[in-house]
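Asker: Have a look at this one.
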């Protein structure tokens, strides 16, 4: 078992170097490469107990590392004595236990180096890809070769050199102290980034190393750019607490200090960028957003966080696609087809510029237009996408967040343009030659001049960077370069704090100060975490507990200038440090030019917003943003856009026609103004008029036999009661009130009883009159006018008593009938006591039934004008009307029940008037010759058969 600590590092540099190799080997196996043949420096020490004592573990050291457990090492790694020598392993001679031989690997990585009191490591992806050699496993692999030189990244690297030289010239920040650098190309691949990290932690070359130390360890590393590369490097450097300050890695996963304890960055975390993007989507009310991510930690992590956050705000992800790293044609075509079919008007591309470029190439090939592209900060200001004119038709108007731009770094552009292959340090710069050849498309003389054989002319030596306009020399958008600049100054301020430590007041054990002559990485890491300073531009630099800087973004809009070039116009800002209660996102809408050179905000929804008066109905098997707008049912409203449900109005309210507000319900009753009320009023008045006409006719012919027959007094009383019956129906029409409700039922009950009592009296008189013709019969003395009046009064008095008790106990009263299904409040008269109402009707029905029975018995009495049969017909009509009234009244809603009752009153009244008085009026007016006693007393043949 091998144990490692920082104190042990001080005691045995050789043990430290060996452990670096073991850990690097394990990590290189993790990325699927050959390990031992690819390592530049391989060191194995054969330990002797008396020569290499076990390292001492101090309280400040990290956890012990079990190589067999953590890295899957074979048993021979546990005991170095059993390592068999081979071509890649040189055992340390037992006579020199404190020495180890470093052996150069098959291909050393190119490095740009300058000596200083403290060496800063640098990792930059100067090339976009790496060509993989064929691995036959029968011969030594050929050296890997990087291609696709990146001018933008080369500018970042030069900015690091510029910042270091600027600090070295400063007599105040680090006086009498110089910074050096050791910069590698990570070639945009995790494998190359890890190899470069091993180089930074390893030795210098082949040969003996005296004094038991393998030189070359750097105490801090600046880089790498991509999040995927930084993940690999951070895991490796974190084992030794070597601080790493990244300038472009924004993956939120790197904020995990348990996994990456030595990682810091001047690039804000994707947590903040995603927060800004989500607020942007919310600000413009985009509900249907597509997400396309790169197949790496940066793209997958950022896109996942964005999808989760945007859905919490009610928006939906129309599609979530991953751009493969090999940019396979079929996969790219499928992604563009999915964007087209989704209908998303806004698509976020959370990917590196290389992956975004592959997507836009395919979009151009398929003619995809009309999409508003949202850019993540990785390509929001990428000149590789904004410079080629072929992308402008689809990317013009794109928008995204970019880290804060430096207004101007004095001297940087002159520093960038001073490069030349004939310069004094050009021979020590392995990256200058490929840069120069790529810029001027020529070949420099010297080794590797084969390029001229591939068609490139030789460089003349008169080339000047100042005459070329490209991404490298463009300092108008210093964003990532500014991050590199701040990273170097953060390290310089940490070193300044270390050198300013007062003896006995240090931050370490027993208040010790660090040894500035031999800067230890873990001590520098402590000071880096405490860094807080403001640079000459007024920007503050500090790290939070997760090693993240303050998050401030510019919202940039791609706008075309008059010369056809893209200008990154700042149209807003997102500041995470904004105080509580104030908006973090500020947008100047009037300055934005959208895709297609439009000035109106593009719409991106699965379904258009539902206006007030409707509600959303989710479509089956689709996200919540895809819905249909359903009109609220009657009695329900929605007074806001995109309401999820309609709200039912209170019982006394109803929805308006638009279903946007509740208004008081219309009060509905049988009024004189509606059609039904007018018709019933007309019929009632007609009946009263007819009755009055009959009274007039009878008055004018009161002395004729047909009028005098069967007690003319009863006839006039009957006509009077019929008039009251017609008129009492008018009390049922109009707005119900306390007095009208009591009057209508009592008047109806009493007048009808009076009417039926008169009919009953006439029937009894007719029946008794013929009975009185028998010899020795004196029954008529009991049915004289006085007795008839008494009988009618008694019958009517009974109804009066019933109505009086009804009114006293539970009188009829107005009632508002408010049903949720009706748009009207029905105003009607409640009967109060159902028993009282039934007694009134029942008593009328009793008298009518008795009258019908007696009239039926008297139907065959002799007389040419037998009134009994007309009474029978009238009572049949009366009973039929009121028998039909009962179910119709119960089943009729609202005012129709009142109309049914009025119809029954009028129908039965007209039946009585017609059957009892129409034949008499016919004889009086049209057959006066029959209006004599002789004719009335004559027997009729029809009477015998009736």
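Numbering (this note's numbering), first residue to last: 365 to 1310. Backbone N, C-alpha and C fix where the C-beta goes; we use that ideal spot for every residue, glycine too. Small disclaimer: the values here were computed from a predicted structure and weren't measured.
1. Counting beta carbon pairs with one atom in the region 591 to 599 and one in the region 647 to 661, are three or more of them shorter than 8 Å?
2. Are the beta-carbon atoms of residue 633 and residue 655 separated by less than 8 Å?
3. For residue 850, tell me which candidate among 822, 826, 896 and 839 has the shortest Cα-Cα distance.
4. Which complete beta strand (DSSP E) runs does the region 821 to 906 hold, if anything under 3 residues is left out?
5. Would DSSP call residue 1087 helix, strand or coil?
6. Give the single residue among 475, 961, 867 and 527 whose Cα lies nearest to the Cα of residue 735.
7. I need the DSSP call for residue 578, collapsed to helix, strand or coil.
8. Tell me which same chain residues have a C-beta within less than 6 Å of the C-beta of residue 1035, skipping the five on either side of it?
9. Which one or two residues does DSSP pair with residue 766 in a beta bridge?
10. Thinking C-alpha only, which one of 969, 1251 and 1048 is nearest residue 1091?
11. For residue 519, name the three-state secondary structure that DSSP assigns.
12. Roughly how many angstroms lie between the CA atoms of residue 1085 and residue 1076, to the nearest whole one?
13. Classify residue 1247 as helix, strand or coil using the three-state DSSP reduction.
14. Rounded to whole angstroms, what's the CA-CA distance from residue 1216 to residue 1210? Just pull it up for me.
15. Would you decide whether residue 1251 is buried or exposed? Buried here means 16 or more other CB atoms lie within 10 Å of its CB.
16. So, helix, strand or coil for residue 1061, using DSSP?
17. Do residue 1126 and residue 1241 have their CB atoms nearer than 8 Å?
18. For residue 438, which residues from the same chain have a beta carbon less than 6 Å from its beta carbon, with the 5 sequence-adjacent residues on both sides left out?
19. Among 882, 880 and 911, which has the Cα closest to the Cα of residue 1313?
20. Leaving out five residues before and five after residue 1016 in sequence, what residues of the same chain have Cβ atoms less than 7 Å from its Cβ?
21. Look at the alpha carbon of residue 611 and the alpha carbon of residue 973, and state the distance between them as a whole number of angstroms.
22. When you compare only the Cα positions, how much space is there between residue 977 and residue 1006?
23. Which residue comes first and which comes last in the beta strand (DSSP E) that contains residue 1177?
24. Enumerate in chain order the residues of its own chain whose CB-to-CB distance from residue 474 is below 6 Å, with the five nearest sequence positions on each side excluded.
25. Would you mind stating whether residue 628 and residue 907 have Cβ atoms separated by less than 8 Å?
26. So, under 8 Å CB-CB, residue 1061 and residue 1285 are touching, yes? Tell me the CB distance rounded to an integer number of Å.
27. Short of 6 Å in beta carbon distance, which residues of its chain neighbour residue 356, apart from the five on each side in sequence? Order them along the chain.
28. Should the region 942 to 955 be called in touch with the region 715 to 733, which here means at least 3 C-beta pairs below 8 Å?
29. What is the residue span of the beta strand (DSSP E) that residue 1322 lies within?
30. Quick one, which of 889, 852, 732 and 667 has its alpha-carbon nearest residue 625's?
31. Cβ atoms of residue 487 and residue 548: under 8 Å apart, would you say?
32. Using a Cβ-Cβ cutoff of less than 6 Å, which residues in the same chain neighbour residue 846 once the five nearest sequence positions on both sides are dropped?
33. Assuming residue 836 contacts residue 518 under a Cβ cut-off of 8 Å, what Cβ separation, rounded to an integer in Å, is found between them?
34. Express the C-alpha separation of residue 1082 and residue 1295 in angstroms, rounding to a whole number.
35. If I measure Cβ to Cβ from residue 783 and keep anything under 7 Å in the same chain, skipping five residues before and after, which residues do I get?
36. Identify whether residue 962 lies in helix, strand or coil by the three-state DSSP scheme.
Answerer: For this structure:
1. yes
2. no
3. 896
4. 896 to 898 and 904 to 906
5. helix
6. 961
7. Below a pLDDT of 50, predicted positions are generally treated as unreliable, and residue 578, at 43, falls in that range; the measurement from the model is reported next regardless. Coil, per DSSP.
8. 1041
9. Per DSSP, the beta-bridge partners of residue 766 are 918.
10. 1048
11. helix
12. 14 Å
13. helix
14. 10 Å
15. exposed
16. helix
17. Going by C-beta atoms, residue 1126 is not nearer than 8 Å to residue 1241.
18. With a pLDDT of 35 at residue 438, under the threshold of 50, the predicted position of this residue should be treated as unreliable, though the coordinate-derived value follows. If we look at residue 438 and ignore the five residues flanking it on each side, it has no Cβ neighbours.
19. The structure shown does not extend to residue 1313, since the chain spans only 365 to 1310, so no value can be given for it.
20. 1028, 1029, 1182 and 1189
21. 43 Å
22. Approximately 10 Å between the Cα atoms of the pair.
23. Counting along the chain, the beta strand (DSSP E) containing residue 1177 begins and ends at 1177 to 1181.
24. 794
25. yes
26. 6 Å
27. Missing from the structure shown is residue 356; the chain here goes from 365 to 1310 and no further.
28. The region 942 to 955, when compared against the region 715 to 733, does not touch it at the 8 Å Cβ threshold.
29. It is not possible to answer for residue 1322, since the shown part of the chain is limited to 365 through 1310.
30. 889
31. Yes, the pair counts as a contact, with Cβ atoms nearer than the cut-off.
32. 770
33. 6 Å between Cβ atoms; contact.
34. 21 Å
35. 796 and 829
36. strand
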